[in-house]
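To keep things clear, I will list the structure first and then write my remarks on it.
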């Protein structure tokens with residue numbers, strides 16, 4: 095837009111000199127016509143400048159080393175003309191922070207694409223807070239405040255940790271409190287206080303002793319994974335890769351778990367792979383750290399597994 099303004103100003107000065115040196119109707123007509131471009135450009139472009147906005151389209155999660163594209167797409171609320179949209183795109187994560195200036199066409203669907211760096215794992219934030227919509231001829235620009243923000247989580251490949259012997263795979267069934275129906279059950283001798291309805295009469299007659307059919311259930315899980323802090327991008331790659339492996343292992347055997355960062359972080363329950371992705375996206379994004387509070391978190395855990403970058 096600066097080049098267009100310089101061109102317009104230079105042409106206007108040239109026409110003014112032409113009118114002074116050649117003061118006939120033709121020079122006057124050209125000068126007036128050129129001066130009218132200013133209000134014409136503003137009046138004709140203003141509705142379109144007021145209705146132009148942008149949005150960011152990006153993948154939620156990418157594999158480390160894969161190809162990912164973020165797109166900044168223009169859209170308009172009403173079909174009025176405008177030339178283009180200019181803005182600064184802020185890109186930052188734990189390793190770097192940069193600003194990138196871009197120009198995007200103002201027509202609906204026009205897009206500006208940015209290649210996402212997936213060489214390292216972690217969360218990258220893309221943010222635009224202000225845009226400038228340029229008029230049709232390019233003589234004016236109007237600022238507009240926007241709230242375009244998107245985060246992309248890059249995950250390293252699952253990596254088997256060294257201490258997997260601590261990952262118990264067995265499921266221990268316990269007597270169901272209060273009795274009642276259960277698909278799993280155990281047989282044992284009658285004890286004082288057992289309900290009469292639990293007596294297995296056929297087996298009792300066979301063994302000439304009262305046999306109880308005791309319902310069994312799986313106890314509420316109380317497994318906790320603690321993600322320890324990392325120093326640098328290389329350790330982060332190792333820890334997130336090991337975390338993925340442990341999570342896949344537990345969920346494969348239908349073993350949900352709780353998770354948190356460090357010893358004092360907020361605890362969240364993970365029951366499927368998508369829960370872990372959502373947890374990492376929110377907990378690594380300091381501005382959006384809104385983890386839900388669970389009232390059913392165990393006060394004590396049956397085992398605690400620490401994921402770190404050590405051996």
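In this note's numbering, the protein residues as written are 95 to 405.
Every residue, glycine too, gets a C-beta built ideally from N, C-alpha and C.
Between the CA atoms of residue j and residue i - distance to the nearest angstrom
| i | j | result |
| --- | --- | --- |
| residue 104 | residue 97 | 11 Å |
| residue 237 | residue 397 | 56 Å |
| residue 412 | residue 399 | A question about residue 412 goes unanswered here, because the residues of the chain that appear run from 95 up to 405. |
| residue 376 | residue 348 | 24 Å |
| residue 359 | residue 380 | 13 Å |
| residue 385 | residue 365 | Low confidence applies to residue 385: its pLDDT is 47, below 50, so where it sits in the model is not reliable enough to give any reading. |
| residue 176 | residue 245 | 29 Å |
| residue 161 | residue 373 | 23 Å |
| residue 369 | residue 363 | 8 Å |
| residue 361 | residue 321 | 11 Å |
| residue 239 | residue 166 | 15 Å |
| residue 223 | residue 182 | 8 Å |
| residue 402 | residue 357 | 13 Å |
| residue 196 | residue 152 | 17 Å |
| residue 215 | residue 163 | 16 Å |
| residue 253 | residue 282 | 44 Å |
| residue 371 | residue 297 | 51 Å |
| residue 154 | residue 186 | 16 Å |
| residue 341 | residue 289 | 41 Å |
| residue 156 | residue 139 | 40 Å |
| residue 116 | residue 101 | 22 Å |
| residue 191 | residue 207 | 18 Å |
| residue 209 | residue 367 | 26 Å |
| residue 323 | residue 301 | 60 Å |
Span of the alpha helix (DSSP H), counted from its first residue to its last, around residue i
| i | result |
| --- | --- |
| residue 116 | Taken as a continuous stretch (DSSP letters only), residue 116 belongs to no alpha helix (DSSP H), as it is neither H nor E. |
| residue 340 | 327–346 |
| residue 301 | 295–301 |
| residue 377 | 367–377 |
Among the options, nearest to residue i - alpha-carbon criterion
| i | options | result |
| --- | --- | --- |
| residue 226 | 321, 300, 171, 145 | 145 |
| residue 326 | 101, 152, 164, 189 | 189 |
| residue 287 | 159, 308, 241 | 308 |
| residue 332 | 108, 133, 158 | 158 |
| residue 137 | 234, 355, 346 | 234 |
| residue 150 | 346, 219, 352, 121 | 219 |
Sequence-distant residues of the same chain with beta carbon closer than 8 Å to residue i, five excluded per side
| i | result |
| --- | --- |
| residue 111 | none |
| residue 168 | 146, 147, 148, 179, 198, 199, 200, 201, 202, 203, 204, 205 |
Chain-order list of residues whose beta-carbon lies under 7 Å from that of residue i (same chain, five-residue window excluded)
| i | result |
| --- | --- |
| residue 395 | 316, 317, 318 |
| residue 171 | 145 |
| residue 143 | 176, 227, 229, 236 |
| residue 329 | 403 |
| residue 132 | 233 |
| residue 350 | 315, 363, 364, 365 |
| residue 355 | 321, 377 |
Sequence-distant residues of the same chain with beta carbon closer than 6 Å to residue i, five excluded per side
| i | result |
| --- | --- |
| residue 40 | Past the boundaries of the shown model lies residue 40; the chain is included only from 95 to 405, so the question cannot be answered. |
| residue 221 | 184, 243 |
| residue 284 | 304, 306 |
| residue 231 | 135 |
| residue 193 | 182, 184 |
| residue 378 | 217 |
| residue 352 | 318, 361, 363 |
Within-9 Å CB hit, residue i to chain B
| i | result |
| --- | --- |
| residue 254 | Of the protein chains in the structure, only one exists, and it is not chain B. |
Limits of the beta strand (DSSP E) - the one that residue i falls within
| i | result |
| --- | --- |
| residue 322 | That residue, residue 322, is in no beta strand (DSSP E); it is neither H nor E in DSSP. |
| residue 399 | 397–401 |
| residue 289 | Here residue 289 belongs to no beta strand (DSSP E), and DSSP marks it neither H nor E. |
| residue 62 | Outside the shown range of the chain (95 to 405) lies residue 62, about which nothing can therefore be said. |
Three CB pairs or more closer than 8 Å across the stretch 321–339 and the stretch 249–257:
yes
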